[in-house]
Amino acid sequence: MDDQEKQQQKEASEAVGQKEIKHLEFYGGSFTSTLPLIFFIIWAITLSVMKLVTEEALVLGMVIGVAIGLFFCKSLWKDYAQALVAGMAQPIGVIAVIAWFWAGMFAKLLAAGGLVDGLIWFGFQTGLEGGLVVGLTFLLAAVFSTAVGTGYGTVATFGILMYPAGVILGADPVVLLAAILSGAVFGDNLAPVSDTTIVSATTQEADVPGVVKSRFKYSISAAIPALLLFIVFGGGGQGIANQDALQQLQSEVSPTGLIMLVPFVLVLYLALSGRHLLTSLTLGIVASIIVIFAKGTPLTKVIHIYRNDAGEAAIGGALMNGIGGYFNMAILILFILAAAHLMEVAGTMEAIKDFFMKIINGVVKRAELSIFSIVAFLNIFITINTAAEITAGPFVRKLGKEFNIHPYRRANFLDTVSSSLGYIFPWSGGVLLAWATIKGAKEDFPFLPIAGPTEVVPYVFQGWFLLLVMLISALTGWGLRFTGKNGEEVKPSDVEK
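Mapping of the sequence shown onto full-length UniProt numbering: position 349 corresponds to residue 349, and the numbering continues sequentially without gaps.
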């Protein structure tokens with residue numbers, strides 16, 4: 001191969017994003033690399049407060065932010081572009097998108113089979129309403145997310161199923177959506193098969209079962225008061241104000257849709273048995289289709305390829321609607337990951353680590369508070385919690401090892417903070433996904449009120465309590481364990497002896 005061919009091959013590799021960019025320089029220093037995400041955060045909050053937010057507008061805001069960053073890049077602009085491509089290509093983004101698509105299809109099939117109607121019928125028959133519905137939603141979402149190991153999948157499923165049913169049964173829409181997010185927090189943090197659990201354990205060189213066992217006390221300490229508050233504040237929704245419409249609905253809903261709980265329980269069983277999320281949901285989708293056909297539901301409810309009134313080809317049905325509702329979100333998440341990757345190659349993460357190392361000054365409590373702060377800070381900018389954990393993991397491991405903090409303890413700080421904030425910040429992936437999901441549900445239930453991303457923030461009780469529990473733990477030393485000679489957990493009192 002001559003020099004010209006080598007040059008052509010090099011240029012071709014760069015053109016398809018195969019060149020690895022290890023460092024970028026920005027005017028004003030490494031923290032200038034945060035500009036794309038800072039612009040997006042301001043853009044998202046402003047639109048949300050003004051009630052002008054749409055998925056397309058959020059994507060546009062992220063695109064503008066990335067474009068702004070280009071003008072502050074001191075390195076070659078083509079290297080900036082390559083770094084963006086590398087950020088988008090990270091596996092964690094692809095995994096999130098696949099989880100949304102599969103969970104979306106599964107949830108839409110359950111709804112097409114009448115599960116929402118069945119849940120509404122159950123609520124009418126039992127008198128379950130308001131705050132009790134919200135409390136039950138939190139419990140069910142927590143169980144589901146713990147079983148399947150995906151908070152995003154839980155948000156997609158319960159946003160389609162429980163949000164409409166809960167609103168009809170008098171639940172406060174904002175608190176109800178926050179309960180779904182809180183259930184996602186619980187499972188994302190505790191599930192052995194959760195990607196955040198696995199990442200937190202592996203980056204801290206710990207075993208998953210031990211990590212899960214050690215963090216249960218933190219999760220349950222947050223869940224109990226969260227459940228009580230959901231019951232207390234979850235009522236007060238308007239339901240269906242028109243009594244004639246309400247009576248008509250009561251006469252129309254029936255228990256037959258509850259048969260769709262069979263594929264739902266099947267997915268829970270498969271996930272708890274250790275099956276991969278994709279495998280569990282695929283089998284759940286197949287089971288849902290079988291049950292739907294057994295009920296006599298037409299094929300067009302599952303998939304419908306036809307020509308519309310304008311004579312154009314169109315596609316609908318539960319499978320397509322389950323995927324189609326997340327196309328814009330998939331694009332947005334890839335751009336967010338790309339912008340976060342810019343911070344990494346700019347050296348922003350290293351600068352953050354150096355800052356905290358200076359203020360710790362040999363004090364264990366400061367080390368744990370620094371770990372808490374580093375993880376929280378990164379979650380502000382990296383809005384997919386797993387990606388934030390991957391980024392923060394090396395910092396947490398380095399600081400923790402410096403003070404001999406046990407891997408379980410380090411993993412718990414890493415995961416609890418990330419799992420919480422990933423469903424609290426109004427620009428986070430979890431909250432935006434929830435908002436997009438209930439917007440899609442409104443197509444089937446036009447009366448549904450849409451809770452905005454900023455409205456739910458104060459009510460994600462599981463997330464807030466989990467943060468509070470870990471902050472108290474860092475301040476008081478509750479649960480602090482050091483690493484023994486053989487890697488075992490050692491209490492501080494035993495070390496002092």
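All C-beta atoms in this analysis are idealised placements derived from N, C-alpha and C, irrespective of residue type, glycine included.
Original post:
Who are the Cβ neighbours of VAL291 in its own chain at under 8 Å, not counting the five residues just before and after it?
Top reply: As a working mapping, residue 291 is identified with position 291 in the sequence shown. Contacts found: GLY113, ILE259, MET260, VAL262 and PRO263.
**OP:** Alpha carbon to alpha carbon, how far is ALA201 from GLU443? Give it in angstroms, no decimals.
**Re:** Residue 443 sits at position 443 when you count from the first residue of the sequence shown. Residue 201 sits at position 201 when you count from the first residue of the sequence shown. Distance between the alpha carbons of GLU443 and ALA201: 41 Å.
**OP:** Classify residue 531 as buried or exposed, calling it buried when 16 or more other Cβ atoms lie within 10 Å of its own Cβ.
**Re:** Because residue 531 is not part of the residues shown, which for the chain are 1 to 497, the question remains open.
Subject >> For PRO426, the nearest candidate out of TRP77, VAL174 and GLU488 (CA to CA) >> reply: As a working note, residue 426 is residue 426 in the sequence shown. Here the closest residue by C-alpha is VAL174.
**OP:** Give, in chain order, every unbroken run of the alpha helix (DSSP H) that is at least 4 residues long and sits entirely within the segment 347 to 404.
**Re:** Scanning the segment 347 to 404 from its first residue to its last, the whole alpha helix (DSSP H) runs of 4-plus residues come out as 348 to 360, 364 to 381 and 385 to 402.
Original post:
Cβ of LEU181 less than 7 Å from any chain B Cβ?
Top reply: The displayed structure is made up of one protein chain only, and chain B is not part of it.
Original post:
Rounded to a whole number of angstroms, what is the C-alpha to C-alpha distance between TRP121 and ALA111?
Top reply: For the purposes of this step, residue 121 is taken as residue 121 along the sequence shown, with counting starting at 1. For the purposes of this step, residue 111 is taken as residue 111 along the sequence shown, with counting starting at 1. Straight-line Cα distance between these residues: approximately 14 Å.
Original post:
Could you give the C-beta distance for GLY159 and THR437, rounded to a whole number, given that I count them as a contact under 8 Å?
Top reply: Start at 1 with the first residue of the sequence shown, and residue 159 comes out as number 159. Start at 1 with the first residue of the sequence shown, and residue 437 comes out as number 437. Taking a contact as a CB-CB distance under 8 Å, the pair GLY159 and THR437 counts as one, their CB atoms being some 3 Å apart.
**OP:** Mind checking which residues open and close the beta strand (DSSP E) that includes GLY127?
**Re:** Working through the sequence shown from its first residue, we reach residue 127 at position 127. It is not in any beta strand (DSSP E) - GLY127 carries neither H nor E in the DSSP assignment.
Original post:
Across which residues does DSSP place ILE305 in a beta bridge pair?
Top reply: Against the sequence shown, residue 305 aligns to sequence position 305. As computed with DSSP, ILE305 is found in a beta bridge with ILE315.
Original post:
When burial is assigned at 16 or more other CB atoms within 10 Å of the CB, is GLY69 buried or exposed?
Top reply: Start at 1 with the first residue of the sequence shown, and residue 69 comes out as number 69. That one is buried.
Subject >> ALA330 and VAL148 closer than 7 Å at C-beta >> reply: The count along the sequence shown starts at 1 and reaches residue 330 at position 330. The count along the sequence shown starts at 1 and reaches residue 148 at position 148. Result no, Cβ atoms of ALA330 and VAL148 do not sit closer than 7 Å.
Subject >> Reduced DSSP category for residue 576 - H, G, I as helix; E, B as strand; rest coil >> reply: As shown, the chain starts at 1 and ends at 497. That puts residue 576 outside it, with no answer to give.
Original post:
Is it right to say LEU299 is buried, meaning 16 or more other beta carbons lie within 10 angstroms of its own, or is it exposed?
Top reply: As a position in the sequence shown, residue 299 is number 299, starting the count at 1. When all chains shown are included, LEU299 counts as exposed.
Original post:
What's the gap between the Cα of SER33 and the Cα of LEU52?
Top reply: Position 33 of the sequence shown, counted from the first residue, corresponds to residue 33. Position 52 of the sequence shown, counted from the first residue, corresponds to residue 52. Here the alpha carbons of LEU52 and SER33 stand approximately 27 Å from one another.
**OP:** Check each candidate in LEU60, SER420, ALA318 and ALA57 and name the one with the smallest Cα separation from TYR152.
**Re:** Position 152 of the sequence shown, counted from the first residue, corresponds to residue 152. It is SER420.
**OP:** Taking GLY452 as the reference, give the member of THR483, TRP435, PHE216 and GLY463 with the closest Cα.
**Re:** Looking up residue 452 in the sequence shown gives position 452. Of the candidates THR483, TRP435, PHE216 and GLY463, the one whose C-alpha sits nearest the C-alpha of GLY452 is TRP435.
Original post:
By DSSP, does ASN242 sit in helix, in strand, or in coil?
Top reply: As a working mapping, residue 242 is identified with position 242 in the sequence shown. Note on ASN242: pLDDT 47, under 50, position unreliable in the model; the coordinate value appears next. Three-state DSSP puts ASN242 in coil, outside helix and strand.
Original post:
Rounded to a whole number of angstroms, what is the C-alpha to C-alpha distance between ARG215 and LEU109?
Top reply: Reading the sequence shown from its first residue, position 215 is the one you call residue 215. Reading the sequence shown from its first residue, position 109 is the one you call residue 109. Approximately 35 Å between the Cα atoms of the pair.
Original post:
How many Å lie between VAL212 and PRO449 at the Cα?
Top reply: Translated into positions along the sequence shown, residue 212 becomes position 212. Translated into positions along the sequence shown, residue 449 becomes position 449. VAL212 and PRO449 have their C-alpha atoms some 37 Å from each other.
Original post:
Count the other CB atoms within 10 Å of the CB of ASN242; is the residue buried (16 or more) or exposed (fewer)?
Top reply: Here residue 242 corresponds to residue number 242 of the sequence shown, with the count starting at 1. Low local confidence applies: a pLDDT of 47 at ASN242 is under 50, so the model's placement there is unreliable, and no value is given.
**OP:** Indicate whether ALA388 and LEU378 have their beta-carbon atoms separated by less than 7 Å.
**Re:** In the sequence shown, the residue the question calls residue 388 occupies position 388. In the sequence shown, the residue the question calls residue 378 occupies position 378. In contact: ALA388 and LEU378 (Cβ atoms closer than 7 Å).
Subject >> Whole runs of the alpha helix (DSSP H) within the segment 170 to 242, excluding any shorter than 4 residues >> reply: For the segment 170 to 242, whole alpha helix (DSSP H) runs of length 4 or above, ordered along the chain, are 173 to 190, 195 to 203 and 208 to 233.
**OP:** Go ahead and label ASN308 buried or exposed: buried means 16 or more other beta carbons lie within 10 angstroms of its beta carbon, across all protein chains shown.
**Re:** On the sequence shown, position 308 is the one that residue 308 refers to. Counting Cβ neighbours within 10 Å, ASN308 comes out exposed, since fewer than 16 surround it.
Original post:
Using 8 Å as the threshold, is the segment 305 to 321 in touch with the segment 339 to 356, meaning 3 or more CB pairs across them?
Top reply: Inter-segment contact for the segment 305 to 321 and the segment 339 to 356 is absent: fewer than three beta-carbon pairs are separated by less than 8 Å.
Original post:
Of all the options TRP43, LYS74 and PHE71, which has the alpha carbon lying nearest to the alpha carbon of VAL59?
Top reply: Here residue 59 is taken as the residue at index 59 of the sequence shown, counted from 1. TRP43 is the residue among TRP43, LYS74 and PHE71 whose C-alpha sits nearest the C-alpha of VAL59.
**OP:** Please list, in chain order, all residues of the same chain as PRO492 whose beta carbon is under 6 Å from its beta carbon, the five residues on each side excluded.
**Re:** Position 492 of the sequence shown holds residue 492. Counting only Cβ-Cβ distances below 6 Å, and skipping sequence neighbours, we find LEU480.
**OP:** Under the assumption that PHE335 contacts MET62 (Cβ atoms under 8 Å), give the Cβ distance between them as a whole number of angstroms.
**Re:** Numbered from 1 along the sequence shown, position 335 holds the residue referred to as residue 335. Numbered from 1 along the sequence shown, position 62 holds the residue referred to as residue 62. Correct: roughly 4 Å between the Cβ atoms.
Original post:
Going straight from the alpha carbon of PRO209 to that of THR297, what length do you get?
Top reply: Looking up residue 209 in the sequence shown gives position 209. Looking up residue 297 in the sequence shown gives position 297. Separation of PRO209 and THR297 (C-alpha to C-alpha, rounded to the nearest whole angstrom) is 43 Å.
Subject >> Proximity to PHE186 [Cα-Cα], best of PRO91, GLY463, GLY484 and ARG409 >> reply: Numbered from 1 along the sequence shown, position 186 holds the residue referred to as residue 186. The candidate whose alpha carbon is nearest that of PHE186 is GLY463.
Original post:
What are the boundary residues of the alpha helix (DSSP H) that includes GLU344?
Top reply: One-based indexing of the sequence shown puts residue 344 at position 344. Where GLU344 is concerned, the enclosing alpha helix (DSSP H) starts and stops at 327 to 345.
**OP:** Have a look at GLY93, GLY430 and PHE403 and flag the residue whose alpha-carbon is nearest the alpha-carbon of ILE360.
**Re:** For the purposes of this step, residue 360 is taken as the residue at position 360 of the sequence shown. The option with the nearest alpha carbon to ILE360 is PHE403.
Original post:
Could you give the distance in angstroms between the alpha-carbon of ILE390 and the alpha-carbon of ALA411?
Top reply: Here residue 390 corresponds to residue number 390 of the sequence shown, with the count starting at 1. Here residue 411 corresponds to residue number 411 of the sequence shown, with the count starting at 1. Taking the straight line joining both Cα atoms gives about 11 Å.
**OP:** Just confirm the distance between the C-beta atoms of VAL302 and ILE289, as a whole number of angstroms; I'd bet it's less than 8 Å.
**Re:** In the sequence shown, counting from the first residue as 1, residue 302 sits at position 302. In the sequence shown, counting from the first residue as 1, residue 289 sits at position 289. About 6 Å separates the beta carbon of VAL302 from that of ILE289, a gap short enough to meet the 8 Å contact definition.
**OP:** Look at the alpha carbon of GLY131 and the alpha carbon of PHE461, and state the distance between them as a whole number of angstroms.
**Re:** In the sequence shown, the residue the question calls residue 131 occupies position 131. In the sequence shown, the residue the question calls residue 461 occupies position 461. Roughly 14 Å separates the two Cα atoms.
Original post:
What is the residue span of the alpha helix (DSSP H) that ALA474 lies within?
Top reply: As a first step, residue 474 must be located in the sequence shown, where it is residue number 474. For ALA474, the enclosing alpha helix (DSSP H) begins and ends at 461 to 476.
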